[in-house]
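Trainee: This is the structure I want to talk about, given as structure tokens.
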Amino acid sequence: MHTRLATFAVLVGALSFALWARPSAPAPDTFCGHAYAHVPAIEPESIGPLRLGVPMLVLKRSCPGARDTTFGRYDAFYVTAFGSRIDVLGDRSGQPVGDQVALAIRVSGGARLRTTDGIGPGVKLRDAERVWGRPLVGGCPAGYSHAYNFPHRQNLSLDFAADCHGSRTGGDVSTYPDSLTIQAVEIFVPLE
Numbered sequence: 051m052h053t054r055l056a057t058f059a060v061l062v063g064a065l066s067f068a069l070w071a072r073p074s075a076p077a078p079d080t081f082c083g084h085a086y087a088h089v090p091a092i093e094p095e096s097i098g099p100l101r102l103g104v105p106m107l108v109l110k111r112s113c114p115g116a117r118d119t120t121f122g123r124y125d126a127f128y129v130t131a132f133g134s135r136i137d138v139l140g141d142r143s144g145q146p147v148g149d150q151v152a153l154a155i156r157v158s159g160g161a162r163l164r165t166t167d168g169i170g171p172g173v174k175l176r177d178a179e180r181v182w183g184r185p186l187v188g189g190c191p192a193g194y195s196h197a198y199n200f201p202h203r204q205n206l207s208l209d210f211a212a213d214c215h216g217s218r219t220g221g222d223v224s225t226y227p228d229s230l231t232i233q234a235v236e237i238f239v240p241l242e
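Structure below.
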């Protein structure tokens with residue numbers, strides 16, 4: 051009887067330790083006041099709760115911790131989530147943010163935020179070409195690095211943080227290696 055009782059006590063102790071030492075489920079990531087069990091995708095018109103065309107003030111108020119910034123000639127704010135910096139750019143520089151709508155959303159850094167096709171920061175140009183075809187050089191708007199616009203994804207640009215080599219305004223990427231690493235993905239309202 052004493053042996054059974056001792057064995058039972060050891061089993062209870064081992065089970066208690068196993069339950070205590072067991073890793074708990076990770077806490078969900080939060081992004082602009084929403085909890086996510088899975089990382090949201092970079093969609094054609096949104097990233098999580100951030101949507102193109104929505105008033106900047108509405109988006110900013112929904113994102114605790116949002117910080118004002120500028121991006122080139124655009125007023126913007128940014129948040130950090132999923133290991134990335136997410137910039138939301140307004141449509142009219144110099145106008146009150148309350149009078150602007152989101153013109154573009156840019157994801158830079160990190161390796162978790164991706165399009166539904168698996169393209170995002172840290173991925174190679176060759177992988178994007180396999181999915182969307184050969185891109186066109188978009189030039190160097192606002193003085194930052196190359197952006198590549200894909201024929202089948204007109205509202206999406208990829209930034210490779212490469213030297214602009216002057217003021218190119220368009221062309222193909224045949225002179226650039228397909229091993230370039232994507233530094234940022236930007237979705238934007240197509241210009242009419």
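Add 50 to a position in the sequence shown, counting from 1, and you land on the number used in the numbering used here. Heads up, the beta-carbon is just placed ideally off N, CA and C, and yes, glycines get one too. These numbers were taken from a predicted model, which means no experiment stands behind them.
Under the DSSP definition of a beta bridge, which residues are partnered with residue 246?
Mentor: Residue numbering for the chain in the displayed model covers 51 to 242; residue 246 lies beyond these limits and cannot be assessed.
Trainee: So within the segment 98-125, which uninterrupted beta strand (DSSP E) runs reach at least 3 residues, ignoring any that extend past its ends?
Mentor: Counting whole runs of 3 or more residues, the segment 98-125 contains the beta strand (DSSP E) stretches 117-121.
Trainee: Within a Cβ cutoff of 6 Å, which residues of the same chain sit near residue 173, ignoring the five residues on either side of it in sequence?
Mentor: By 1-based counting over the sequence shown, the position of residue 173 is 123. Contacts found: 232.
Trainee: Tell me the rounded alpha-carbon separation between residue 239 and residue 140.
Mentor: The count along the sequence shown starts at 1 and reaches residue 239 at position 189. The count along the sequence shown starts at 1 and reaches residue 140 at position 90. C-alpha separation (whole angstroms): 11 Å.
Trainee: Counting along the chain, where does the beta strand (DSSP E) carrying residue 206 start and finish?
Mentor: Taking the first residue of the sequence shown as position 1, residue 206 is located at position 156. Here the beta strand (DSSP E) through residue 206 covers 203-209.
Trainee: Mind checking which residues open and close the beta strand (DSSP E) that includes residue 178?
Mentor: As a position in the sequence shown, residue 178 is number 128, starting the count at 1. Unbroken run through residue 178 is the alpha helix (DSSP H), 175-182; no beta strand (DSSP E).
Trainee: Give me the DSSP bridge partner(s) of residue 85.
Mentor: Stepping through the sequence shown from its first residue, residue 85 is reached at position 35. Residue 85 is bridged to 80.
Trainee: Within a Cβ cutoff of 7 Å, which residues of the same chain sit near residue 114, ignoring the five residues on either side of it in sequence?
Mentor: Within the sequence shown, numbered from 1, the residue matching residue 114 stands at position 64. Correct list, in chain order: 83.
Trainee: Can the beta-carbon of residue 235 be found closer than 8 Å to that of residue 157?
Mentor: Looking up residue 235 in the sequence shown gives position 185. Looking up residue 157 in the sequence shown gives position 107. Taking 8 Å as the Cβ cut-off, residue 235 and residue 157 qualify as a contacting pair.
Trainee: What's the C-alpha gap between residue 144 and residue 124?
Mentor: Here residue 144 refers to the residue found at position 94 of the sequence shown. Here residue 124 refers to the residue found at position 74 of the sequence shown. Going from the Cα of residue 144 to the Cα of residue 124 covers about 8 Å.
Trainee: Use the C-beta contact count for residue 98: other C-beta atoms within 10 angstroms, 16 or more gives buried, fewer gives exposed.
Mentor: Counting from 1 along the sequence shown, the entry for residue 98 is found at position 48. It counts as buried.
Trainee: Going by DSSP, name the residue or residues bridged to residue 165.
Mentor: On the sequence shown, position 115 is the one that residue 165 refers to. Answer by DSSP bridge pairing, in chain order: 92.
Trainee: Sorted by chain position, which residues of the same chain lie with C-beta nearer than 8 Å to residue 229's C-beta, five sequence neighbours on each side aside?
Mentor: Within the sequence shown, residue 229 is the residue found at index 179, counting from 1. These residues qualify, in order along the chain: 174, 175 and 176.
Trainee: Let me check understanding here. Comparing Cα to Cα, which of 150, 209, 146 and 205 lies closest to residue 171?
Mentor: Start at 1 with the first residue of the sequence shown, and residue 171 comes out as number 121. Considering only alpha carbons, the answer is 209.
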